[in-house]
Ligand SMILES: Cc1cc2nc3c(=O)[nH]c(=O)nc-3n(C[C@H](O)[C@H](O)[C@H](O)COP(=O)(O)OP(=O)(O)OC[C@H]3O[C@@H](n4cnc5c(N)ncnc54)[C@H](O)[C@@H]3O)c2cc1C
Ligand code: SF4
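Put into structure tokens, the structure is as follows:
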């Protein structure tokens, strides 16, 4: 197999960074500089760049198991970036066995849904009954409910409008376009955790995996929500999203091996329920579905909202809430250039409304409030951040699986759900993803692993976190997301890795890669205790998380919650929050259905009040 220099990964990365935001360029350049200089402090006493080839290889290997966390983490992040370019290259893909072809030919492709979105190129002033900030899982559902109740609704979205015509190109190119910060968003703490967030009309539903779990009953009970009251909202959301279990025709080998292992062990689980129609199993859901078979809100709730009279305006970043006489009365913000995302000069907008619905997601909703010190008599705005940290586990089999063929996230094992551990068969395109950076080795050894990708199955963990993090704004308009893995969550993660390894071994895997530093592949059941009994620390884990929530939690008590049980601010009349921020705790499962059902319920409550 050719090497990174043969396909000019460095050149590809350079020209890619030229098209990324200045923030991304700074982050990557900082990582490269830090890694280059890190070897000066070591035995070699010279920058990485000036070492001989063999010394560089030795240094890379030493970094993988280095006790210095920053050194390890920088290597993982850079390796993930480099592997993504390497494995996405047209010359490498055939050698891995990846052809990007759909798993199944679909006869009836879903038709194109044209969504009417306004894209202003100058400032404007409007009035409405309700202005909704953010068009993702929560905002789109709230907009539809409120518009159907006869209210004049305007939805403001910072990102651009995208649909299946845009969901083409290589994974890095799609990360750059459809993800906030070009996909490079992280929490700060131990360990550093990748926290990707979507940005566009449809929010994170554009690029999520399409997994649809209802909130487990035990979670509803803990939150004090009535099961019977919530059931019709779940029914309605699932009907609009066409939620159904993944069929055998598009499951693919990645789900099949998890099914075999689960059955052999007698564990509970099954095909994942998803919001897709006419899916052909191309396995690229996290980069935008090329058919719009995955029913994000850009092809479901937002068109319904528009049909009911709502207006959607893209490229509009809300910078502040308007507050008069102690009441939210609208928002003000900036129109952004669709190409660069930069502020258009003098293009400011203002919308006056009877109610402001914040749905900018669990990171940006609290940030908006914090900047103005609003709605925070409880001091809980930005706190209680849960993210569902998780990591990848790879099972290598003695036969070709081509496990990327089929639905990207297809099968689950929920045997340990009550312990906060959920296992999901998840295979993004080969070499793509933060955990790919955790694959050990270099040179030939690493290439051997890539050559075995076709025999490899992959699973992801969702850990229901006991610990919490925090979103904070910094002077100068910056944002800090801090999160340290709680010791209980370290234990759950190790248990989860063990569960995944057990399932793969039961399915006949030859070896399981835990991605724990220095841990050899697991080949037999007897070796499983090494995972949970090893002296691993939080810093040893390569974690990513996709479910930020809880930063403006709802509750009855204004002393401990930001919004009431219907999402309305305890402090600021005229303000409702309708996104993942309001969740009072972990959902234990992927959260989009919970967010949507709550947004529908709370928006109906609001509509009844103001209509
Ligand atoms: C890669 C990935 C895979 C996932 N897979 C799944 C899955 O399979 N199943 C599942 O249940 N969940 C999944 N999730 C999580 C799920 O998509 C989110 O929990 C959900 O979309 C959050 O909804 P939200 O309304 O809080 O925010 P979002 O859907 O993120 O929407 C917020 C919107 O607000 C906009 N915005 C932010 N700030 C401003 C501002 N100042 N002005 C204007 N607009 C603003 C953003 O651009 C964004 O479009 C995944 C997430 C990711 C990133
Ligand atoms: S696997 Fe995902 S991306 Fe591919 S067609 Fe199905 S929903 Fe779309």
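In the numbering used here, the protein residues as written are 20 to 630. C-beta atoms are modelled at their ideal positions from N, C-alpha and C, and glycine is treated no differently.
Residue j beta carbon less than 8 Å from that of residue i
i           : j           : result
residue 632 : residue 215 : Residue 632 is absent from the structure shown; the chain starts at 20 and stops at 630.
residue 190 : residue 300 : no
residue 620 : residue 320 : no
residue 598 : residue 381 : yes
residue 42  : residue 200 : yes
residue 349 : residue 369 : yes
residue 577 : residue 397 : yes
residue 70  : residue 63  : yes
residue 360 : residue 338 : no
residue 265 : residue 426 : yes
residue 138 : residue 357 : yes
residue 219 : residue 205 : no
residue 451 : residue 518 : no
residue 180 : residue 40  : no
residue 420 : residue 480 : no
residue 327 : residue 166 : yes
residue 164 : residue 626 : yes
residue 375 : residue 150 : yes
residue 158 : residue 378 : yes
residue 129 : residue 315 : no
residue 389 : residue 487 : no
residue 534 : residue 411 : yes
Spatially closest choice to residue i from the options, by CA coordinates
i           : options               : result
residue 532 : 525, 542 and 501      : 542
residue 709 : 292, 157 and 401      : This structure cannot settle anything about residue 709, because the visible part of the chain is limited to 20 through 630.
residue 160 : 259, 272, 67 and 468  : 259
residue 22  : 64, 47 and 112        : 112
residue 94  : 79, 103 and 86        : 79
residue 202 : 208, 217, 73 and 188  : 217
residue 447 : 90, 84, 103 and 32    : 103
residue 393 : 347, 132 and 494      : 347
residue 562 : 554, 375, 582 and 536 : 536
residue 239 : 605, 630 and 594      : 605
residue 233 : 74, 150, 611 and 630  : 611
residue 117 : 96, 108 and 124       : 108
residue 434 : 184, 488, 280 and 163 : 280
residue 325 : 162, 312 and 72       : 162
residue 395 : 623, 594 and 133      : 594
residue 106 : 555, 473 and 608      : 473
residue 418 : 424, 471, 194 and 207 : 471
residue 586 : 592, 579 and 573      : 573
residue 135 : 271, 329, 315 and 505 : 329
residue 483 : 445, 465 and 405      : 405
residue 366 : 60, 142, 515 and 445  : 142
residue 274 : 263, 288, 84 and 316  : 288
residue 564 : 575, 521, 615 and 508 : 508
residue 444 : 502, 552, 515 and 551 : 515
residue 59  : 75, 44 and 45         : 75
residue 336 : 362, 589, 236 and 582 : 362
residue 429 : 35, 45 and 476        : 476
residue 463 : 183, 294, 309 and 73  : 73
DSSP bridge partner residues for residue i (one or two, in chain order)
i           : result
residue 146 : 371
residue 442 : 432 and 480
residue 207 : 501
residue 677 : This structure leaves residue 677 out entirely; the chain is present only between 20 and 630.
residue 230 : 293
residue 3   : No answer is possible for residue 3: the residues shown for the chain start at 20 and end at 630.
residue 347 : 342
residue 376 : 151 and 595
residue 491 : 499
residue 288 : 432
residue 613 : Residue 613 pairs with nothing; no bridge assigned.
residue 125 : In DSSP, residue 125 forms no bridge with anything.
residue 475 : 415
How would the residue list near ligand 2 read, in chain order, if you kept each one whose beta-carbon is closer than 6 Å to any heavy atom? Listed by chain position, these are 229, 295, 298, 299, 300, 301, 302, 303, 304, 308, 310, 312, 313, 426 and 427.
Beta strand (DSSP E) segments (min. 3 residues) lying fully within the stretch 149-203: DSSP runs (the beta strand (DSSP E)) wholly in the stretch 149-203: 172-175.
Ordered list of beta strand (DSSP E) runs contained in the stretch 495-523, each at least 3 residues: Annotation note: the stretch 495-523 contains the following uninterrupted beta strand (DSSP E) runs of length 3 or greater, listed N- to C-terminal: 497-501.
In chain order, each beta strand (DSSP E) run of at least 3 residues that lies wholly inside the stretch 304-337: List check, beta strand (DSSP E) in window: 330-332.
Any alpha helix (DSSP H) of 4 or more consecutive residues that is wholly inside the stretch 533-601: Segments of the alpha helix (DSSP H) lying fully in the stretch 533-601: 548-552.
Unbroken stretches of the beta strand (DSSP E), 3 residues or longer, contained in the stretch 210-282: List check, beta strand (DSSP E) in window: 262-264.
Curious, which full-length beta strand (DSSP E) runs of at least 3 residues does the stretch 383-435 contain? The stretch 383-435 contains these whole beta strand (DSSP E) runs: 411-415 and 428-432.
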